[in-house]
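Counting from 870, one number per residue, gives the positions in the sequence shown under our numbering. We treat Cβ as the ideally placed atom computed from N, Cα and C, and that holds for glycine. Since we're looking at a predicted model, the values are computed, not measured.
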Amino acid sequence: MKAWVATSLTGEDGLELQDLPSQPCGTEQVRIANHAAALNFPDVLITRGDYQLRLEPPFVPGSECAGIVIEVGADVAGLSVGDRVLTVSGAGAFADEIVVTPSVQQVHRIPEAMSFNEAAGLGMVHGTALHGLRQRGGLQPGESVLVLGSAGGCGGAAVGVAVAMGARVIAGASSVEKCTVASRLGAHHVIDYTSEDLRDRVMDMTDGTGVDVVFDPVGGALFDRARRCVGWNGRYLVVGFAAGDIPTMPANYTILKSMALVGVAFGMSAIKDPAMNRTNFQQLFDWYDEGLLQTHVGDIVGFGDLPRACAELYAGQAIGKTVIEGEPRLP
């Protein structure tokens, strides 16, 4: 099989396209012919050795993809050859096929109307968004949520999910162009936090009360500004650190606002509570079929352009979810 291999922890410079032997498919595993894969910020960090999950080279990166099941182990239930699926595998997705263990890694059948490009870009970010907003943030219809990085893969997914949940969505982004993207995804209000005062604008939009929930996949210096936008009994969801720096906060601030600072760990939560995760994905698929959820595919690039796509995502240049497309399958 053809696969991108991280030969060193030097980011895109360490990626090499190689021919590898196909991995055996065990009795509890399935083999998927990849038609599309998606690029996530953690994928880029892993190739640089900067993520909490550290893999030692050589390895095949890529945390999610979509395709067709072409082999099913004897002990696997609920999946059949020919099923159209997405998988959140953790690694190994940047290849023309992948072998996964459904009892450990996520494999979900996708709606017939959903393309492989859409499916590849849905699993990680929409799974994170729904788990964060529903289970961790307790977001209720009619509540307000501030989404940071709202034109990125994860932030854009959070905008769409929050709208589907019936929330009032304030989207923050770092340019006018990105604010326009957030509006297209359904945000009720947008803020360019590079040119506008984030707290003042949020307070204007909430009659001075602040928001019920902040969804933050950005971190860095923006955290200090965003935490001041939280209202009484608000929940601040720590999702990621796309800005690079991990911020800190005086602990007494949580008391001043009766505020909850909540971590969102989608991958581990899916492993520890698979029933919850299956329910969440069924909700996402139902919303998609009902026309209530927009997917957020941005750049669609060829298999050979993966290193360039990694560099652009790391530099903060990507808008939407970057998908690595196959015709008809990778590469």
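N-terminal and C-terminal residue of the beta strand (DSSP E) that residue i is part of
i: His904; result: 899-908
i: Cys1098; result: Neither: Cys1098 is in no beta strand (DSSP E) and is coded neither H nor E.
i: Thr956; result: 953-957
i: Arg1037; result: 1037-1042
i: Ile1060; result: 1058-1061
i: Ala872; result: 871-875
i: Gly1088; result: Unbroken run through Gly1088: none, as it is neither H nor E.
i: Ile1169; result: 1166-1171
Reduced DSSP category for residue i - H, G, I as helix; E, B as strand; rest coil
i: Phe985; result: helix
i: Arg1198; result: coil
i: Thr997; result: helix
i: Ala1111; result: coil
i: Cys934; result: strand
i: Lys1126; result: coil
i: Ile979; result: coil
i: Gln887; result: strand
i: Thr896; result: coil
i: Asp1093; result: helix
i: Val929; result: coil
i: Gly1018; result: coil
i: Leu1106; result: strand
i: Thr916; result: helix
i: Glu881; result: helix
i: Asp965; result: coil
i: Val950; result: coil
i: Val973; result: coil
i: Thr1191; result: strand
i: Gly1024; result: helix
Outcome for residue i when other beta-carbon atoms lying within 10 angstroms are tallied against a minimum of 16
i: Lys1190; result: buried
i: Trp873; result: buried
i: Lys1141; result: exposed
i: Gln1151; result: exposed
i: Leu955; result: buried
i: Val913; result: buried
i: Ile915; result: buried
i: Asp1081; result: buried
i: Ile1115; result: exposed
i: Glu987; result: buried
i: Arg1104; result: buried
i: Asn1220; result: The displayed coordinates of the chain run from 870 to 1200. Any statement about residue 1220 would go beyond what the structure contains.
i: Glu1046; result: exposed
i: Arg1005; result: buried
i: Gln921; result: exposed
Member of the options whose CA lies at the smallest distance from the CA of residue i
i: Ile824; options: Pro893, Ala1111, Thr879, Glu1046; result: Here the chain comprises residues numbered 870 to 1200, so residue 824 is not present and cannot be evaluated.
i: Ala1027; options: Leu1106, Ala905, Ile1193, Phe910; result: Leu1106
i: Asn1102; options: Ala1134, Gly1007, Val929, Gly959; result: Gly1007
i: Glu885; options: Phe963, Asp952, Pro911, Leu924; result: Phe963
i: Val1170; options: Gly880, Gln887, Ala989; result: Ala989
i: Met1034; options: Gly1055, Val1166, Gln1009; result: Gln1009
i: Arg1097; options: Arg1037, Met1118, Ala1112; result: Met1118
i: Phe1172; options: Ser1138, Arg1198, Thr970; result: Arg1198
i: Gly1195; options: Ala1187, Leu1175, Tyr920, Ala1180; result: Leu1175
i: His1165; options: Arg1053, Ala1095, Leu1182; result: Arg1053
i: Ala1135; options: Cys934, Leu1162, Arg1003, Arg1094; result: What sits at residue 1135 in the sequence shown is Phe, not Ala. Comparing Cα-Cα distances from Phe1135 to each of Cys934, Leu1162, Arg1003, Arg1094, the minimum goes to Arg1003.
i: Met1072; options: Gln1186, Arg1094, Phe910, Gly1055; result: Arg1094
N- and C-terminal bounds of the alpha helix (DSSP H) containing residue i
i: Asp944; result: First-last for Asp944: undefined, no H or E at that position.
i: Glu1046; result: 1045-1053
i: Gly1218; result: Past the boundaries of the shown model lies residue 1218; the chain is included only from 870 to 1200, so the question cannot be answered.
i: Asp1073; result: 1067-1074
i: Glu1181; result: 1175-1183
The segment 899-911 in contact with the segment 940-960 per 3-pair CB rule at 8 Å: At 8 Å Cβ cutoff, the stretches touch.
Per the contact definition of three or more C-beta pairs closer than 8 Å, is the segment 1052-1062 in contact with the segment 987-1007? The segment 987-1007 is not in contact with the segment 1052-1062.
Pairing CB atoms from the segment 1016-1026 with CB atoms from the segment 958-975, are three or more of them under 8 Å? In this structure the segment 1016-1026 does not lie against the segment 958-975, because fewer than three pairs of beta carbons, one per stretch, are closer than 8 Å.
Taking one C-beta from the segment 1031-1044 and one from the segment 1120-1130 each time, how about it: are there three or more such pairs within less than 8 Å? Because the criterion of three Cβ pairs below 8 Å is not met, the segment 1031-1044 and the segment 1120-1130 do not touch.
At least 3 beta-carbon pairs within less than 8 Å: the segment 1105-1119 vs the segment 1081-1095: Note that the segment 1105-1119 touches the segment 1081-1095; at least 3 beta-carbon pairs, one per stretch, sit closer than 8 Å.
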